Amino acid sequence: MSATAGQAQDERGLAERLGLKAGQVVQEVGWDEDCDEALRQSIEELTGNELVDEDYDDVVDVVLLWWRDGDGDLFDALSDAMTALADGGQIWLLTPKAGRDGHVEPSDIGEDAATAGLSQTSSVSAARDWSGTRLVAPKARR
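Residue numbers (UniProt numbering): 1 to 142.
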């Protein structure tokens with residue numbers, strides 16, 4: 001059974017909310033059974049590429065980092081995520097929304113991102129249960 005045109009557009013809109021484009025390579029880190037499958041499928045449909053995992057050994061345009069309170073050290077995870085990014089790449093940090101198990105406080109995200117040398121540029125409702133925070137390395141960094 002296929003989705004209606006409206007449903008297909010809604011699903012594609014999930015990836016578009018993240019500003020992703022056709023042809024981009026997206027590395028997924030921190031996947032677990034609680035991750036939003038509609039968002040994952042939307043990203044693959046929009047980019048035209050399957051998501052690659054943490055073992056991918058080339059540069060990527062975007063790192064999709066699923067993160068929950070209790071997953072470990074966020075600073076370390078962000079630092080690791082930056083190693084695969086192409087120049088101008090971005091990290092989308094996906095965390096459970098407030099009131100959901102594993103919610104991460106925005107102040108913790110801001111602190112760990114800044115310590116890792118990243119700037120927070122935007123936040124979106126990425127999926128029903130997930131918030132997305134876009135993190136980039138400052139352009140003036142040399």
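Cβ atoms here follow ideal geometry from the backbone N, Cα and C, with glycine treated the same way.
None of these values were measured; they are calculated from a predicted model.
Fill in: Strand pairing of Q134, partner residues [DSSP]
Taking the first residue of the sequence shown as 1, we reach residue 134 at position 134. It should be pointed out that residue 134 corresponds to Arg in this sequence rather than to Gln. R134 is bridged to W92, S122.
Fill in: Cβ distance (whole Å) where L78 is taken to contact L118 below 8 Å
Against the sequence shown, residue 78 aligns to sequence position 78. Against the sequence shown, residue 118 aligns to sequence position 118. The pair is a contact, with the Cβ atoms about 6 Å apart (cut-off 8 Å).
Discussion item. How far does the beta strand (DSSP E) with L64 in it extend, from its first residue to its last?
Written reply: For the purposes of this step, residue 64 is identified with residue 64 of the sequence shown, where counting begins at 1. Unbroken beta strand (DSSP E) run through L64: 60-66.
Practice prompt. Evaluate contact between the segment 91-102 and the segment 112-127, counting only Cβ atoms and requiring at least three cross-stretch pairs below 8 Å.
Written response: yes
Discussion item. With the cut-off set at 9 Å, would you say L14 and A38 are in Cβ contact?
Written reply: Numbered from 1 along the sequence shown, position 14 holds the residue referred to as residue 14. Numbered from 1 along the sequence shown, position 38 holds the residue referred to as residue 38. Cβ atoms of L14 and A38: closer than 9 Å.
Fill in: Nearest candidate by alpha-carbon position, reference V136, set W130, A86, E105
The residue labelled residue 136 in the question sits at position 136 within the sequence shown. For V136, the nearest C-alpha among the options comes from A86.
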